[in-house]
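This report refers to the structure that appears directly beneath it.
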Amino acid sequence: MRTTSPAHQDGDLQRFRFRVLCAAGVVVLAFGALIGRFAFLQVVQHEYYSTRAEDNRISLVPIPPDRGVITDRNGIVLARNYSAFTLEITPSKVDDLDATIEKLGELVEIQPKDKRRFRKLLEESRSFESLPIRSRLSDEEVARVAANRFRFPGVEVKARLFRQYPLGPVAAHAIGYINRINRTDLEAIEEKGESANYKGSEHIGKTGLEKSYEFHLHGQTGYEKVEIDAGGRAVRNLSRTPPTPGNNLTLTLDIKLQEIAEKAFGERRGALVAIEPSTGGILALVSTPTFDPNLFVDGIRSEDWDQLNNSPNRPMVNRALNGAYPPGSTFKPFMALAALETGKRTPAQAIADPGSFTFGGHTFRDDKKGGHGMVDMYKSIVESCDTYYYMLANDMGIDSIARFMAPIGFGSKTGIDIDGESVGVLPSPEWKKRRFRKPEQQKWFGGETISIGIGQGYNAYTPIQLAQAMAALANDGVLYRPHLVRHITDSRSGEKTLIEPEPLRVLPWKKQNIETIKRAMVGVNKEGTGARAFAGAEYVSGGKTGTAQVFSLKGAEYKAHKIKEELRDHALFIAFAPAEQPKIALAVLVENGGFGSQSAAPIARMVLDYYLLGKSPLGAAKEDEAAVESDEH
Numbered sequence: 001m002r003t004t005s006p007a008h009q010d011g012d013l014q015r016f017r018f019r020v021l022c023a024a025g026v027v028v029l030a031f032g033a034l035i036g037r038f039a040f041l042q043v044v045q046h047e048y049y050s051t052r053a054e055d056n057r058i059s060l061v062p063i064p065p066d067r068g069v070i071t072d073r074n075g076i077v078l079a080r081n082y083s084a085f086t087l088e089i090t091p092s093k094v095d096d097l098d099a100t101i102e103k104l105g106e107l108v109e110i111q112p113k114d115k116r117r118f119r120k121l122l123e124e125s126r127s128f129e130s131l132p133i134r135s136r137l138s139d140e141e142v143a144r145v146a147a148n149r150f151r152f153p154g155v156e157v158k159a160r161l162f163r164q165y166p167l168g169p170v171a172a173h174a175i176g177y178i179n180r181i182n183r184t185d186l187e188a189i190e191e192k193g194e195s196a197n198y199k200g201s202e203h204i205g206k207t208g209l210e211k212s213y214e215f216h217l218h219g220q221t222g223y224e225k226v227e228i229d230a231g232g233r234a235v236r237n238l239s240r241t242p243p244t245p246g247n248n249l250t251l252t253l254d255i256k257l258q259e260i261a262e263k264a265f266g267e268r269r270g271a272l273v274a275i276e277p278s279t280g281g282i283l284a285l286v287s288t289p290t291f292d293p294n295l296f297v298d299g300i301r302s303e304d305w306d307q308l309n310n311s312p313n314r315p316m317v318n319r320a321l322n323g324a325y326p327p328g329s330t331f332k333p334f335m336a337l338a339a340l341e342t343g344k345r346t347p348a349q350a351i352a353d354p355g356s357f358t359f360g361g362h363t364f365r366d367d368k369k370g371g372h373g374m375v376d377m378y379k380s381i382v383e384s385c386d387t388y389y390y391m392l393a394n395d396m397g398i399d400s401i402a403r404f405m406a407p408i409g410f411g412s413k414t415g416i417d418i419d420g421e422s423v424g425v426l427p428s429p430e431w432k433k434r435r436f437r438k439p440e441q442q443k444w445f446g447g448e449t450i451s452i453g454i455g456q457g458y459n460a461y462t463p464i465q466l467a468q469a470m471a472a473l474a475n476d477g478v479l480y481r482p483h484l485v486r487h488i489t490d491s492r493s494g495e496k497t498l499i500e501p502e503p504l505r506v507l508p509w510k511k512q513n514i515e516t517i518k519r520a521m522v523g524v525n526k527e528g529t530g531a532r533a534f535a536g537a538e539y540v541s542g543g544k545t546g547t548a549q550v551f552s553l554k555g556a557e558y559k560a561h562k563i564k565e566e567l568r569d570h571a572l573f574i575a576f577a578p579a580e581q582p583k584i585a586l587a588v589l590v591e592n593g594g595f596g597s598q599s600a601a602p603i604a605r606m607v608l609d610y611y612l613l614g615k616s617p618l619g620a621a622k623e624d625e626a627a628v629e630s631d632e633h
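If you count the sequence shown from 1, position 295 lands on 295 in this note's numbering, and the numbers rise without skipping.
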């Protein structure tokens with residue numbers, strides 16, 4: 001048998017001891033590191049990790065506020081909230097989400113769009129939040145879910161508030177609508193520093209007052225402190241900070257007047273703006289055809305959007321603010337006032353009207369063959385004599401015309417408290433230089449001034465600009481900023497904040513000159529182009545008809561029935577009443593409606609009859625075909 005020498009055994013023993021010591025040292029170092037790290041975490045960083053642990057244990061669940069209510073000047077509700085049942089799922093309490101949704105589909109109808117919306121909400125939410133899979137359940141659907149509640153842990157029926165516009169399409173362009181918050185909205189919210197206040201909110205104002213007064217209507221988001229476990233499941237509620245409802249808006253709109261005005265148009269396209277001259281408050285803001293804002297609240301269906309967006313009648317366009325049209329002869333009273341203020345004419349100064357005016361080899365024809373005879377300022381407005389204003393425009397010059405019209409608001413935004421206003425076009429040599437690029441197009445020609453005098457040429461104004469100008473004249477030169485909101489009511493205190501009427505400027509017109517124009521406009525409705533529409537009226541009103549060409553006839557005779565509808569003239573009418581102390585001023589536009597006395601004046605008469613006398617018509621205003629012969633073109 002082979003034996004190991006004592007020396008060899010001593011060497012093995014020493015190596016073993018060395019290895020044991022090394023291993024012990026490594027163990028001691030490892031434990032030392034663990035103890036050191038433990039001390040660092042427990043002592044040095046105790047506060048940091050304690051806070052982190054508390055944050056992980058407690059989560060803030062946002063509680064969206066109730067949106068403010070919108071009413072008209074008489075308290076009629078135009079936008080409100082109502083409670084309805086929704087079918088909701090808390091994902092953290094459901095083992096198989098897809099299977100649960102499929103089984104729920106056997107109890108209530110769940111469409112693909114409902115599933116898409118749920119998935120989108122799921123991506124943006126926390127697993128312990130309750131998310132809607134179906135809204136507006138019927139009583140029968142609620143009963144079916146309740147009877148099968150035991151089969152669906154994490155599923156429940158809740159009551160939620162939804163936005164509703166009780167009158168549907170009435171005043172839709174003014175009130176606007178809300179819709180789901182998109183990426184663009186989120187970016188805008190972040191820029192305003194309102195991200196925290198929109199946690200949990202799904203909707204935001206998109207158009208009209210819903211958009212421009214979003215800050216007031218939305219309210220302040222509340223929060224609920226929820227304790228959650230390591231799996232992200234809610235354990236219990238710790239505390240609750242209730243949300244603050246949005247403030248309520250009371251409008252200057254008279255919604256009954258608005259309804260009358262919309263019905264007066266019938267199937268015709270157009271716009272109407274009625275203003276209270278002494279305050280600038282909008283009494284009616286009509287754009288027809290209109291749309292139902294309720295379609296947008298939960299996301300409009302693609303087929304509904306295609307129908308609205310592709311309609312040749314463009315119901316989504318707010319014609320009252322966004323449409324710019326030649327004013328036609330409704331421009332003449334302001335031209336006459338400009339002549340008086342600049343000293344170019346006196347009321348008694350008359351011209352002989354041969355039925356045309358020739359300038360630079362071009363003949364500008366009057367609407368009446370053979371002319372109107374001797375025409376003074378009164379007759380020029382009452383009978384709407386084109387030749388009078390051809391001559392006046394030539395005598396005044398384009399610069400003088402533009403300087404006078406600009407302070408009235410022509411060619412600039414009125415500043416109304418909703419978005420979507422067009423600037424319009426107040427023509428001038430400076431405007432033409434900005435408008436065109438080629439030098440030969442930038443030059444202003446004297447013949448262009450002639451057409452400006454009768455509201456044609458480059459003239460293009462919005463109905464609200466015409467209404468504001470009419471209101472300023474009716475109010476003896478005091479021009480107010482048009483506005484839709486009368487006061488804002490604080491949801492907590494009930495305190496009302498009045499939107500003070502804001503006079504933009506006092507126009508330095510002479511009282512006798514204003515009275516001269518008003519008297520002539522009263523004559524329009526008594527013996528002139530508006531007389532047929534206002535026959536038998538129980539009040540005295542002033543008005544002016546207008547007809548604006550859509551395309552040039554090039555000397556040919558205008559016959560509406562031989563022209564495509566979209567190429568027919570626009571019909572216009574401006575008015576104020578009662579004449580002695582105006583309470584209302586308005587502008588009416590009927591697209592492709594022909595003559596102003598034919599289509600627009602009857603609508604104005606119907607609106608004034610209701611506002612001043614309380615007369616409610618049965619249907620749309622009837623066109624006065626016989627008025628064509630006495631109107632201007």
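Idealized CB from N, CA, C, for every residue including glycine.
PRO245 is a Cβ neighbour of GLY68, given a cutoff of 8 Å. Distance from ALA467 to ALA274 at the Cβ level is roughly 7 Å; contact confirmed, criterion being Cβ atoms closer than 8 Å.
According to the DSSP assignment, THR449 belongs to the alpha helix (DSSP H) that extends over 446-452. CA-CA distance, TRP431 to ALA469, rounds to 21 Å. Looking at GLY360, THR387, THR363 and HIS362, the one whose alpha-carbon comes closest to that of GLY373 is THR387.
A distance below 7 Å between beta-carbons, with the five flanking residues on each side excluded, links ALA620 to the following residues of its chain, in chain order: LYS263, ALA264, PHE265 and GLY266. Shown here for ILE255: same chain residues with a beta carbon closer than 6 Å to its own, the five before and five after excluded, namely ASP72 and ILE76 in chain order. In this chain, the beta strand (DSSP E) harbouring HIS487 covers 485-489. GLY11 carries a helical assignment under DSSP once its states are collapsed to helix, strand and coil. Burial state of CYS22 is exposed, judged by a 10 Å Cβ sphere holding fewer than 16 other Cβ atoms. In the structure shown, ASN248 falls within a strand segment according to DSSP collapsed to helix, strand and coil. At a Cβ-Cβ threshold of 8 Å, TYR325 and ALA548 count as neighbours. Only residues of its own chain outside the window of five on either side were considered, and among them ASN313 and PRO315 have a CB closer than 6 Å to the CB of PRO289, listed in chain order. Per DSSP, reduced to three states, the secondary structure at PHE595 is coil, with no helix or strand assignment. Collapsing the DSSP output to three states places GLU527 in a helix. Here DSSP, grouped into helix, strand and coil, assigns GLN220 to strand. Under DSSP, PHE410 takes part in no beta bridge, so it has no partner. Contact annotation, ASP624 with ARG532: C-beta distance approximately 6 Å; criterion of less than 8 Å satisfied. Taking C-beta atoms under 8 Å as the contact rule, LEU107 and ARG144 qualify, at a distance of about 5 Å. Within the region 168-221, the beta strand (DSSP E) runs of at least 3 residues that lie entirely inside it are, in chain order, 178-180 and 203-205.
In this structure, GLU259 is the residue among GLU259, THR100 and LYS199 with its C-alpha nearest to the C-alpha of LYS615. Around the beta-carbon of VAL26, fewer than 16 other beta-carbon atoms lie within 10 Å, marking it exposed.
Remark: three or more beta-carbon pairs, one from each stretch, lie closer than 8 Å, so the region 597-613 and the region 536-547 are flagged as touching. Secondary structure at LYS225: strand, using DSSP grouped into helix, strand and coil. Sorting ALA471, GLU527 and TYR610 by C-alpha distance to the C-alpha of ALA627 places GLU527 at the top. The beta carbon of VAL142 sits closer than 8 Å to the beta carbons of PHE85 and VAL157 from its chain, once the five residues preceding and following it are set aside; these are given in chain order. By the neighbour-count criterion, in which a residue is buried when 16 or more other Cβ atoms sit within 10 angstroms of its Cβ, PRO153 is exposed. With a cut-off of 8 Å on Cβ pairs, the region 331-351 is in contact with the region 393-406, counting three or more such pairs. For THR90, there is no enclosing alpha helix (DSSP H), as DSSP marks it with neither H nor E.
Approximately 6 Å separates the beta-carbon atoms of THR252 and LEU484; this is inside 8 Å, confirming the contact. Taking 4 residues as the minimum length, the alpha helix (DSSP H) runs contained wholly in the region 311-380 are 319-322 and 332-342, in order along the chain. Ranked by Cα distance from ASP95, the first of GLY222, SER239, GLU421 and ARG151 is ARG151. DSSP places GLN307 in the uninterrupted alpha helix (DSSP H) bounded by 302-309.
Two segments are said to touch when three or more pairs of C-beta atoms, one from each, lie closer than 8 Å; by this definition the region 187-194 does not touch the region 108-118. Taken atom to atom, the span from the alpha-carbon of PHE16 to that of ILE58 is near 55 Å. Taking the Cα positions, GLY530 is about 41 Å away from ASN248.
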